[in-house]
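Written out below as structure tokens is the structure these notes cover.
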Amino acid sequence: MRKYIWILALVMALISCGKETINSKLNSPDGKVQLSCGVDGNGQPYYVVTLNGKMVVDTSLLGIQARQGDFSKGFSIASVKHKTYDGSWKPVVGEVAEIKEQYNEMTVSLKGDDKREMSIVFRVFNDGLGFRYQIPKQGNTDTLTITDEVSEFAMTGDHTAWWIPGDYDSNEHVYSTSKLSEIDAFAYNAPTYEKKIYTQHIVLPKAVQTPLAMKAADGLHFCIHEAALRDYPALHLNFMGDAKLKAQLIPSADSTVKSVNLLPLTTPWRSINIAENAAGLLNSKLILNLNDPCALAETSWIKAQKYVGIWWLMHIGKASWDYAGGTKDGKPHGRHGATTENTKKYIDFAAQHGFDGVLVEGWNVGWEDWFGKWQDSVFSFVKPYPDYNIDSLSAYAASKGVKIIMHHETSSAVTNYEKQMEAAYQFMNDHGINTVKTGYVGKIIPKGEWHDGQWMVNHYLRVAEATAKHKIMVNMHESHRPAGMNRTYPNWLSCEASRGMEFNAWSAGNPPEHETILPFTRIMGGGFDYTPGIFETRMNVHDKNKKEIVHTTVAKQLALYVTLYSPLQMAADLPEVYEKRMDVFQFIKDVPVDWKDSRVLNAEIGDYVSYARKDKFSDNWFIGSITDENPRQFDFTLDFLDNGASYVATIYADGPGAHWVKNPYPVSISKVKVKKGDHLKANLAAGGGMAVSIVKE
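Per the working numbering, the very first residue in the sequence shown carries number 1; after that it's consecutive.
Set out below in structure tokens:
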């Protein structure tokens, strides 16, 4: 039925717009993806996408609605302009050393009888497409108050989808797998793996967050997300029935307003990755390519890094962030983690094993009574606790060749943080600290704003710009999902923006399939500071009253350093845990975090992921392979190695009897010489994995 509706709409557009609509088509450089655009009988713009002549996105309406006018209908096509681009660029840090950027572009200019004007820019790549809106000044109107975005994504079937609820205020949910028609953001799988998240705010039962990954019955894969997100709310999607998704913008404190923008306005890109299989999604660089080039004049100070830190011991209850806690006299309670003595131990461990940095959480005043209070001016970002001597620690770290990583938990008192940012970043400069982890736990202050709203999107960007000014790298936690902005601001090294490792320490945790879904969803937009490397997977070892476990084997924890991309990777467990298993810890010491090349060896969303990656600064390769709750066997062909070269492969595999519940600890370590074309067999236990370092002789 849709086929005939599309033909009728195209005929009507031809009649109403003349020859200009005939030119409103755009092919990918390889000719496989084709986009057609027109206006229907109501003057509403729409687009259609085919792959090899087969419809993959059916007739989908476009437009924006605002208090100053309706920019979704009553238009005719005034002009269509085409251009092409074929080039490449080099990420400062990334999964590959160079990215090919090749696309065809079409700008469709629209005019209404009442002099409204709007353009829609389409870019079609071999791996998908993007579109965005451009709205110039409208007469004397120089501000647009947006109440809705009409953008539709009419899929051609009830695809399988991997999704989390369209939560305005948190993205720390377990993923569900269902048909599009079965999406239920109120129910999903909360009874099994989830307690209500503290800041949770789910409004629509059929709304989901992006990136949204999908698989069609014929095996085609899709991912809908956005790129170049600035001065606009983060994109969610609302399922409208009949396989159709529509843009859902997160409102501001005024619930009828989604975005307020000065004109001219250029919106973020809406992106659709299209791939013939799951591996094709992982290979795509569409979202990065839709972002603007690097905005920084000089980037030599930006480095990928591995770190350890005073962090996990708080989550497992062995120490606290606060100094005095609930004591009435304000005297220390003796459980504070971020002490001078303890930090020196972590610095020594980092220096001994070649780590770049030490994250210290709980170093600054304000942790005594902040969580859940929704109060401003809690934290100072320039005042340490009395037992944390930042002057001596900075000098000590420098003498060891290690950097301290600053932690700025804002408690979502964002205006308080913005007042202190300049002083805080100068304080970091003065102490030789060049990386900061920001946090936004809790409900946003001022009240009524959301983590995914325009107000917070602008704040995150201000942080990226302000840290860059001070030559500081930033890792944002509790932010919106990244949308490839690390191309423009490469100092924005990584984000959390999803359900991370810490949930395994004090909740039902992350199911074994969780890490096999993340590369196709959350990580499509940028690196994920997941904080892997937990060797002691049973929390009752630390606290006999705890029942939680980490739902992986130890070998899988190693493999995550390869399968879950981030240029900022933490060895999250306690130093004393690593010291008991230094033979296994060796892989974490060896694995790089900046890559020259990345190859997907196999992949199925929610089942398994296997990568081979080449170190950016050597000829060594590293393999990571992970599975869900099912054991699997793979046979990898080492066809990516150099011709005529010999390598030594060190294999860290699930040991005898390994199982994510019954026996997560065994790791078998073996060495074998390999060359190009050899085969490497992988036996992954239930919830397990395999990690391999391949060193050129």
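Even glycine gets a Cβ: it sits at the ideal position worked out from N, Cα and C.
Using only the alpha-carbon positions, how far apart do residue i and residue j sit?
i: residue 472; j: residue 364; result: 19 Å
i: residue 391; j: residue 405; result: 14 Å
i: residue 284; j: residue 640; result: 19 Å
i: residue 625; j: residue 423; result: 44 Å
i: residue 349; j: residue 575; result: 7 Å
i: residue 683; j: residue 388; result: 47 Å
i: residue 267; j: residue 132; result: 6 Å
i: residue 669; j: residue 598; result: 24 Å
i: residue 543; j: residue 332; result: 22 Å
i: residue 262; j: residue 334; result: 53 Å
i: residue 443; j: residue 297; result: 36 Å
i: residue 532; j: residue 460; result: 24 Å
i: residue 688; j: residue 121; result: 45 Å
i: residue 172; j: residue 500; result: 7 Å
i: residue 2; j: residue 53; result: Here the model assigns residue 2 a pLDDT of 45, short of 50, so the residue's position is not dependable and the matter cannot be decided.
i: residue 264; j: residue 678; result: 57 Å
i: residue 303; j: residue 436; result: 13 Å
i: residue 369; j: residue 325; result: 7 Å
i: residue 451; j: residue 377; result: 19 Å
i: residue 8; j: residue 41; result: The pLDDT assigned to residue 8 is 40, lower than 50, so where the model puts this residue is not dependable; a value taken from the coordinates is nonetheless given after this. Those two C-alpha atoms are separated by around 10 Å.
i: residue 695; j: residue 554; result: 22 Å
i: residue 245; j: residue 463; result: 32 Å
i: residue 582; j: residue 517; result: 30 Å
i: residue 290; j: residue 67; result: 29 Å
i: residue 128; j: residue 347; result: 45 Å
i: residue 95; j: residue 563; result: 11 Å
i: residue 545; j: residue 337; result: 21 Å
Closer than 8 Å by C-beta to residue i: which residues in its own chain qualify, once you throw out the five before and the five after it? Chain order, please.
i: residue 509; result: 193, 503, 548, 549, 550 and 551
i: residue 527; result: 482, 486, 493, 494, 495, 565, 566, 567 and 568
i: residue 536; result: 542, 573, 574 and 577
i: residue 65; result: 71, 72, 146, 147, 148, 149 and 150
i: residue 356; result: 303, 305, 306, 307, 350, 402 and 403
Per DSSP, which residues does residue i bridge with? Please list them.
i: residue 584; result: Partner(s): none; residue 584 has no beta bridge.
i: residue 538; result: 549
i: residue 445; result: 413
i: residue 690; result: 625 and 653
i: residue 244; result: 154 and 241
i: residue 275; result: 221
i: residue 663; result: 659
i: residue 263; result: For residue 263, which the question treats as bridged, DSSP gives no partner whatsoever.
i: residue 26; result: 35
i: residue 336; result: 320
i: residue 45; result: 39
i: residue 346; result: BP columns for residue 346 are empty, so no partner.
Given residue i, which residues of its chain have a CB within under 6 Å of its CB, disregarding the five upstream and five downstream residues?
i: residue 367; result: 321 and 322
i: residue 588; result: 533 and 571
i: residue 275; result: 221 and 281
i: residue 177; result: 162 and 606
i: residue 34; result: 27 and 50
i: residue 92; result: 299, 302 and 490
i: residue 394; result: 431 and 432
i: residue 672; result: 649
i: residue 711; result: Outside the modelled stretch of the chain, which goes from 1 to 697, sits residue 711, for which no answer is possible.
For residue i, which residues of its own chain have a beta-carbon under 7 Å away from its beta-carbon, when the five flanking residues on both sides are left out?
i: residue 232; result: 259, 267, 268, 454 and 457
i: residue 215; result: 159, 160, 221 and 605
i: residue 630; result: 686
Would you say the beta carbon of residue i comes nearer than 7 Å to a heavy atom of the ligand ADP?
i: residue 632; result: The ligand ADP is absent from the structure shown, which contains no ligands of any kind.
Considering only residues of the stretch 126-190, which uninterrupted beta strand (DSSP E) runs meet the minimum length of 3 residues and lie entirely inside it, listed in chain order? With a minimum length of 3 residues, the continuous beta strand (DSSP E) runs that stay inside the stretch 126-190 are 128-135, 143-149, 152-155, 160-163 and 176-179.
Segments of 3+ residues assigned as beta strand (DSSP E) that fall wholly inside the stretch 379-441: 403-409 and 435-439
Is it the case that the stretch 305-313 contacts the stretch 568-586, given that we only count it when at least three CB pairs across the two stretches are under 8 Å? Yes, they touch.
What runs of the beta strand (DSSP E), each 3 residues or longer, lie entirely inside the stretch 101-130? 117-125
Suppose only complete runs of 4+ residues qualify. What are the alpha helix (DSSP H) ranges in the stretch 59-102, listed by chain order? none
Below 8 Å, how does it come out for the stretch 241-259 and the stretch 144-152: are there three or more Cβ pairs, yes or no? yes
Taking three-plus beta-carbon pairs below 8 Å as touching, is the stretch 336-343 in contact with the stretch 318-327? With three or more CB-CB distances shorter than 8 Å, the stretch 336-343 counts as touching the stretch 318-327.
Restricting to runs no shorter than 3 residues, where is the beta strand (DSSP E) found entirely within the stretch 556-634? 568-570, 595-604, 608-615 and 621-627
Three Cβ pairs or more, each shorter than 8 Å: is that satisfied between the stretch 652-663 and the stretch 591-608? no
Any contact of the stretch 88-102 with the stretch 110-124, i.e. 3+ C-beta pairs under 8 Å? no
Could you tell me whether the stretch 633-648 touches the stretch 553-564, using the rule of 3 or more Cβ pairs below 8 Å? no
Alpha helix (DSSP H) runs wholly inside the stretch 190-235, at least 4 long, in chain order: 190-193
Could you check whether the stretch 158-174 touches the stretch 66-85, counting it as contact only if at least three pairs of C-beta atoms, one from each stretch, sit closer than 8 Å? no
Fully enclosed by the stretch 266-322, which alpha helix (DSSP H) runs are 4 residues long or longer? 278-283, 286-289 and 312-315
Start-end ranges of the beta strand (DSSP E) lying completely within the stretch 447-480, minimum 3 residues: 473-476
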